[in-house]
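Below is one structure, written out as structure tokens; comments come after it.
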Amino acid sequence: MSSYNLDDVKEMAGGDEEFMLVVVQTFLEEIPPDVAAMNEAISNDNPSLAYQYAHKMKPNLQLFGLNLMDQILIIEAWSKQGKRKDEVPEAAETITRKVDVAASALRRDFQLA
């Protein structure tokens, strides 16, 4: 089983391989640093900043089929309503792990350094 799914990316690109590569490169450039910043905000008990990063990443996580919406919703609930705080560390760990695995696989599959 793959750590990501490109069906939505392929549909968006309409068969344009070059555009697909740009989308993958953008994901690799933006999402891992956003995950790190979200984790730092969580470590610093800064729910509003954690929300900003989680919310910003949401469309890309969906686009690449990472199935992390439950974890994003946990972070958003903590940030917006102060709920589910006890679930935030595990949610953040799951997001981090899945993004790291997907990023490594994308680099390998698209032969990017």
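Remember, my numbering sits 1 above the position in the sequence shown when you count from 1.
Built from N, CA and C at the ideal position, the CB exists for glycine as well.
Predicted, not measured: the structure shown is a model, and the values here were computed from it.
Spatial distance of residue i from residue j (CA atoms)
i, j, result
"residue 49", "residue 65", "25 Å"
"residue 104", "residue 82", "31 Å"
"residue 109", "residue 70", "25 Å"
"residue 24", "residue 5", "14 Å"
"residue 97", "residue 55", "11 Å"
"residue 59", "residue 19", "23 Å"
First and last residue of the uninterrupted alpha helix (DSSP H) at residue i
i, result
"residue 54", "48-64"
"residue 28", "18-44"
"residue 106", "89-110"
"residue 86", "Run containing residue 86: none; DSSP gives neither H nor E here."
"residue 74", "70-82"
Contact belief for residue i with residue j at Cβ below 8 Å, rounded distance in angstroms
i, j, result
"residue 33", "residue 100", "6 Å"
"residue 22", "residue 107", "Not confirmed; about 10 Å, so no contact."
Proximity test, residue i beta-carbon vs the ligand GTP heavy atom, cut-off 7 Å
i, result
"residue 33", "Among the components of this structure there are no ligands whatsoever, and the ligand GTP is therefore not found."
Among the options, nearest to residue i - alpha-carbon criterion
i, options, result
"residue 113", "91, 27, 67", "27"
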